[in-house]
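In what follows, a single structure is set out as structure tokens and then discussed.
Numbering (our numbering), first residue to last: 1 to 146.
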């Protein structure tokens, strides 16, 4: 980025990973995306809209007995660790349909349980409403008032 200056007009090519001076082939800088999924995030308008869109698409295709969508980029599964996975890595992986997860991987685990403890009922209810969370798609939702 040392060749970039204030006021420069540039062209960013995210698929190639280069930044060029506008109107020329002069490469000012190169970069590598940590994950290709970020391109879907930008196209969807953010990570949350992407997650919601993937889930809705998946549920609709399952209901219509269609194969999984190829519209979204698949996360690249890294080679398994030789030393094995921690319990936390195994738990997240199981919820994501993978054998294991590694730091830096993008996964969307399926939540089947939502738990909340040591809360005050009305306050938590109001906070969830403020977040537009009027319901959970999890099979089990438990709130204890300890």
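We put the CB at the ideal spot given by N, CA and C, even for glycine.
> Looking only at C-alpha atoms, which of 40, 13, 39, 45 sits nearest to residue 31?
Replying inline: 13
> Comparing alpha-carbon positions, which option in 73, 138, 65, 36 lies nearest residue 54?
Replying inline: 73
> Rounded to a whole number of angstroms, what is the C-alpha to C-alpha distance between residue 60 and residue 70?
Replying inline: 14 Å
> Assuming residue 33 contacts residue 46 under a Cβ cut-off of 8 Å, what Cβ separation, rounded to an integer in Å, is found between them?
Replying inline: In fact, because the Cβ distance is near 16 Å, the residues do not count as touching under 8 Å.
>> Just to confirm the assignment, what range does the alpha helix (DSSP H) spanning residue 96 have?
In response: 87 to 96
>> Tell me which residues share the same chain as residue 113 and place their Cβ nearer than 6 Å to its Cβ, disregarding the 5 neighbours each side in the sequence.
In response: 138, 140
> For the alpha helix (DSSP H) that contains residue 58, what are its first and last residues?
Replying inline: 47 to 63
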